[in-house]
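In the numbering used here, the protein residues as written are 32 to 384.
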Ligand code: TXA
Ligand code: MG
């Protein structure tokens, strides 16, 4: 396993250099509370094209614009609805992205030609310091080559993007570990296009009287997808991910037993500790420890925080099969299930993310 570096705040000079890089059209990897971002000046079309080139990202997948403060919403949005301002008042700064109508200042490279733009105010202090120092909105997808899991440490980002990016800011390991909730407003209702740490229940509680729901994950893969990124392949480690729902106890125990017995150390099991232990106990003749790596999270938030780092470390360790036990679909568990399910899909086609 790769040792975790301790958190080191960038110096004033490092932040100034990164801000200068953004202002001069270059790319900067920076930490947010969700995952690391690959940032460029959102209003500079050539700089934004550099993001797509560095990631190998399909150009039909639009980017999130990061703002220093929710009060700047109208600098990129056209006639944002009252509900949009209310949502930002409640959930910004934080792991929450809202799709609003874009104004003319936003290049089509950012929106992938859509009339809308996704906006987020990150709460990580280094992201906020960078946004404040450069004085520009920053367009940033996750800082990984397209299709790979998002990086949650600066080392993961560096390993993925290497010298295609010249400025890397280290803000330690990301607190949330999975990407922000992406929500859109249509006809007065709020639809969550991508689940994250901010849940439908929290949004509904903040906006009494407004309908809040999750987009149908399967519909999201069709051509009429409201969130283009969901059409593409996402979040996949090199290892094959076999997803099991502990509700199906027998299937889990068989999959875990198979992982532990076979493959001479090239399989791993990940999940909530209770689910992993139940599957181990129930397994038909499972060897106590086996050759497989068994990684346990004590709660869904820890599962989210560790998920992509585990993928990364298991790939580095040469693991070729990961049996992933799904957490319950409540709170951030819903986002973990979503990412695991996508990681488990081995469909051919576009890779992105
Ligand atoms: O936590 C996060 O959101 C991270 C950090 C860096 O902020 N960013 C991130 O970006 O995950 P990315 O590009 O990997 O994912 C952005 C998602 C994609 O699914 C994209 O399709 C969707 O947001 N999106 C962006 N603009 C959109 C728009 N105008 N309408 C609908 N979906 C949009
Ligand atoms: Mg991504």
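Beta carbons: idealized from backbone N, C-alpha and C, even for Gly.
As the structure is a computational prediction, the values presented were derived from the model and not from experiment.
Worksheet item: On the three-pair Cβ rule with 8 Å, is the segment 160-175 touching the segment 120-134?
Response: no
Worksheet entry | Rounded Cβ spacing between residue 338 and residue 213 (contact assumed at less than 8 Å) | In fact, because the Cβ distance is near 18 Å, the residues do not count as touching under 8 Å.
Item to complete: For the beta strand (DSSP E) holding residue 97, just list the boundary residues, first then last.
Response: 95-97
Practice prompt. Count the C-beta pairs between the segment 134-152 and the segment 69-81 that are closer than 8 Å, then say yes if the count reaches three, no if not.
Written response: yes
Worksheet item: Should residue 157 and residue 96 be called a contact, given that it needs their Cβ atoms to be closer than 9 Å?
Response: no
Worksheet item: Given a threshold of 16 other Cβ atoms within 10 Å of its Cβ, counted over all protein chains shown, does residue 239 qualify as buried or as exposed?
Response: exposed
Item to complete: Verify whether the separation of the beta carbon atoms of residue 371 and residue 274 is less than 9 Å.
Response: yes
Item to complete: Kindly indicate the opening and closing residues of the alpha helix (DSSP H) around residue 372.
Response: 364-374
Practice prompt. May I ask you to check if the CB of residue 111 is nearer than 8 Å to at least one heavy atom of the ligand TXA?
Written response: no
Worksheet item: What three-state label does DSSP hand residue 191 in the structure shown?
Response: helix
Discussion item. Rounded to whole angstroms, what is the Cα-Cα separation between residue 160 and residue 105?
Written reply: 21 Å
Practice prompt. Could you pull the start and end residues of the alpha helix (DSSP H) that residue 348 belongs to?
Written response: Premise fails: residue 348 is in no alpha helix (DSSP H) and is neither H nor E.
Practice prompt. Please find out if some non-hydrogen atom of the ligand TXA comes closer than 8 Å to the beta-carbon of residue 363.
Written response: no
Fill in: Contacting residues, own chain, Cβ-Cβ under 6 Å from residue 351 (five flanking each side not counted)
270, 297
Item to complete: Take every Cβ of the segment 87-95, pair it with every Cβ of the segment 189-198, and state whether three or more of those distances are shorter than 8 Å.
Response: no
Worksheet entry | Bridge partner(s) assigned by DSSP for residue 173 | 68
Item to complete: Whole angstroms is fine: what's the gap from residue 344's alpha carbon to residue 180's?
Response: 11 Å
Worksheet item: So, helix, strand or coil for residue 40, using DSSP?
Response: coil
Discussion item. Just to confirm my understanding: we take residue 375, look at its own chain, exclude 5 residues before and 5 after, and list those with CB closer than 6 Å. What are they?
Written reply: 272, 274
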